[in-house]
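Protein chains in written order, with this note's numbering: chain Y, 662 to 932; chain R, 13 to 272. Down below is the structure, laid out as structure tokens.
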């Protein structure tokens, strides 16, 4: 009998094992839903799949009576716009400051500690300030994501720059590179895959800040909808929305990973 | 390199003296090999030559001028590892220095200028036997090929000095002797001096025209950091036979089928 650490599942077994927890969760849900509905047909906590499909059809296909919009898509568009702006802006700021702090000792001495303190401010604690300063519109939600995400991308990238072998910096200079050329031809190209990785890691917090901001003050968005229908205990809407958000988050993560692999073949280990 | 002089060089880190009273005078393009025990300051010496460290006291004069206190294109470098850029192909690695020189802002060339530089870089790679690996990334190359690439990348800048920090230390013995032939050829063809650190005494004697040994002459057991190392032996090695004779001998002694 080989040790447990040396026994590896085959391809088919690995696929089956990977699917197992998903299947188990679905079965557990269906069982729980069935049992509760038998006791009380009006139970709203664990709606059966048919009811959820109805709710999704209503939200995705039928125009809303109040606004005339198809709510699921309107909510998704509003949320993704905020998320995209917030994460995009954070990535740009992260890259500019991360590289500047990582490459130029004087900027590191000036901003290094400040950045550490800045990144320790709990973003949700300043949300009221953002609402007061930027109003309840789109800007405050985007700024919340930037405040929550950008400092960590900056710190991460600055640390990645510091991890680049010193030999490469010297080599670049012996090839005649100026500071600007070191940044554009030695540092930045090697940072792209790390930036993508950093963004992937920060997508989770970005969603958190987005939904929190939408829950408190918004008129549309995925987070807004979930918190709105909570008042009616509309689990038939909440559960599909949560699944939809999860699917979107998973998709973005997967796409970023694919992109990084395709665009930066040199970052992969040798074939 | 017409002349190189080290005048009373000291390097200290706080109370710790690493190098003391280092003197050296070279005339012409010598191939200097440097040996010494670990921690004897030979790497610190090389770092001061490349401008990565600044001497505490003393002078380093290249062709009569003080060495710049930061790295520059007059001094090429090959390290034992991390000498080439992982995000560039072999060809792009060699093109980089030429592109940087001609395009201060963009850092890259386009059109005819790029084609010319590309051609020059391809020739440089062919000279080190990498003509078949132009579009490979360093991670796809063996250790020996990566060092060939690093050497081509440094030599194409036509530096006045080439600094080698145990460049062949991680290579197999067979590959190492190929590299010895390569580096000697390049040194003879290029108008440059070479400083090479090695752990391999045999390598030091075989390659160099001058062998330097770094060691501590004074040692206080109570305060091991109080005294630094210096050059304890400065050995002019026998003049090599003319290049064509060397080449003939090397061909005759090379294993059959090996690249010449």
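Even glycine gets a Cβ: it sits at the ideal position worked out from N, Cα and C. As the structure is a prediction and not an experimental result, all values here were calculated from the model.
Please list, in chain order, the chain Y residues whose beta carbon lies closer than 8 Å to that of residue i.
i, result
"residue 82 (chain R)", "834"
"residue 62 (chain R)", "831, 835"
Using the three-state DSSP reduction, which class does residue i fall into: helix, strand or coil?
i, result
"residue 92 (chain R)", "coil"
"residue 885 (chain Y)", "helix"
"residue 45 (chain R)", "strand"
"residue 703 (chain Y)", "coil"
"residue 126 (chain R)", "helix"
"residue 239 (chain R)", "coil"
"residue 170 (chain R)", "coil"
"residue 680 (chain Y)", "helix"
"residue 35 (chain R)", "strand"
"residue 928 (chain Y)", "helix"
"residue 15 (chain R)", "strand"
"residue 58 (chain R)", "helix"
"residue 271 (chain R)", "Caution is warranted here: a pLDDT of 49 is assigned to residue 271 (chain R), below 50, making its placement in the model unreliable, and the coordinate value is therefore given only provisionally. In the structure shown, residue 271 (chain R) sits in coil (DSSP, three-state: anything other than H, G, I, E or B)."
"residue 200 (chain R)", "helix"
"residue 131 (chain R)", "helix"
"residue 157 (chain R)", "helix"
"residue 842 (chain Y)", "helix"
"residue 880 (chain Y)", "coil"
"residue 186 (chain R)", "helix"
"residue 97 (chain R)", "coil"
"residue 230 (chain R)", "coil"
"residue 893 (chain Y)", "helix"
"residue 662 (chain Y)", "coil"
"residue 141 (chain R)", "coil"
"residue 669 (chain Y)", "coil"
"residue 150 (chain R)", "helix"
"residue 861 (chain Y)", "helix"
"residue 64 (chain R)", "coil"
"residue 120 (chain R)", "coil"
"residue 115 (chain R)", "coil"
"residue 694 (chain Y)", "helix"
"residue 218 (chain R)", "helix"
"residue 51 (chain R)", "coil"
"residue 109 (chain R)", "helix"
"residue 104 (chain R)", "helix"
"residue 40 (chain R)", "coil"
"residue 82 (chain R)", "coil"
If residue i and residue j are in contact, beta carbons under 8 Å, what's the gap, nearest whole angstrom?
i, j, result
"residue 68 (chain R)", "residue 22 (chain R)", "5 Å"
"residue 867 (chain Y)", "residue 806 (chain Y)", "5 Å"
"residue 180 (chain R)", "residue 44 (chain R)", "Incorrect: roughly 16 Å between the Cβ atoms, too far for contact."
"residue 811 (chain Y)", "residue 859 (chain Y)", "No, residue 811 (chain Y) and residue 859 (chain Y) are not in contact; Cβ-Cβ is about 11 Å, not under 8 Å."
"residue 109 (chain R)", "residue 195 (chain R)", "Actually they are not in contact, since the Cβ atoms of residue 109 (chain R) and residue 195 (chain R) sit about 19 Å apart, beyond 8 Å."
"residue 878 (chain Y)", "residue 797 (chain Y)", "4 Å"
"residue 111 (chain R)", "residue 121 (chain R)", "5 Å"
Strictly below 9 Å CB to CB, what residues from chain R border residue i?
i, result
"residue 840 (chain Y)", "Within chain R, no residue comes near residue 840 (chain Y); the closest Cβ sits about 11 Å away, beyond 9 Å."
"residue 850 (chain Y)", "97, 99, 100"
Mind pulling the chain Y residues with CB within less than 9 Å of residue i?
i, result
"residue 169 (chain R)", "835, 836, 837"
"residue 25 (chain R)", "The contacting residues do not exist; residue 25 (chain R) stays about 17 Å from chain Y at best."
"residue 19 (chain R)", "Within chain Y, no residue comes near residue 19 (chain R); the closest Cβ sits about 24 Å away, beyond 9 Å."
"residue 166 (chain R)", "832, 835, 836"
"residue 112 (chain R)", "833, 836, 837, 838, 839, 842, 846"
"residue 116 (chain R)", "839, 841, 842"
According to DSSP, which residues form a beta bridge with residue i?
i, result
"residue 208 (chain R)", "R:45, R:176"
"residue 22 (chain R)", "R:69"
"residue 246 (chain R)", "R:224"
"residue 29 (chain R)", "R:24"
"residue 77 (chain R)", "R:74"
"residue 87 (chain R)", "R:173"
If the cut is a Cβ gap below 7 Å, which residues of chain R does residue i touch?
i, result
"residue 742 (chain Y)", "Simply none; closest approach about 33 Å."
"residue 927 (chain Y)", "98, 99, 149, 151"
"residue 845 (chain Y)", "119"
List the residues of chain Y whose Cβ lies closer than 7 Å to the Cβ of residue i, in chain order.
i, result
"residue 192 (chain R)", "Residues of chain Y passing the Cβ test: none, with the nearest at roughly 22 Å."
"residue 89 (chain R)", "831, 832, 835"
"residue 67 (chain R)", "Simply none; closest approach about 17 Å."
"residue 109 (chain R)", "836, 837"
"residue 85 (chain R)", "835, 836, 837"
Using a cut-off of 8 Å between C-beta atoms, extract the partners of residue i located in chain R.
i, result
"residue 826 (chain Y)", "93, 94"
Is residue i near the ligand ATP, going by C-beta to nearest heavy atom under 8 Å?
i, result
"residue 44 (chain R)", "As presented, the structure is devoid of all ligands, the ligand ATP included, so that no description of it is given."
Subject >> Any alpha helix (DSSP H) of 4 or more consecutive residues that is wholly inside the region 701-754 of chain Y >> reply: As far as the region 701-754 of chain Y is concerned, its whole alpha helix (DSSP H) runs of at least 4 residues are 710-722.
Subject >> Unbroken stretches of the alpha helix (DSSP H), 4 residues or longer, contained in the region 763-836 of chain Y >> reply: Counting only unbroken stretches of 4 or more residues, the alpha helix (DSSP H) elements lying wholly within the region 763-836 of chain Y are 766-781, 788-795, 799-824, 827-835, in sequence order.
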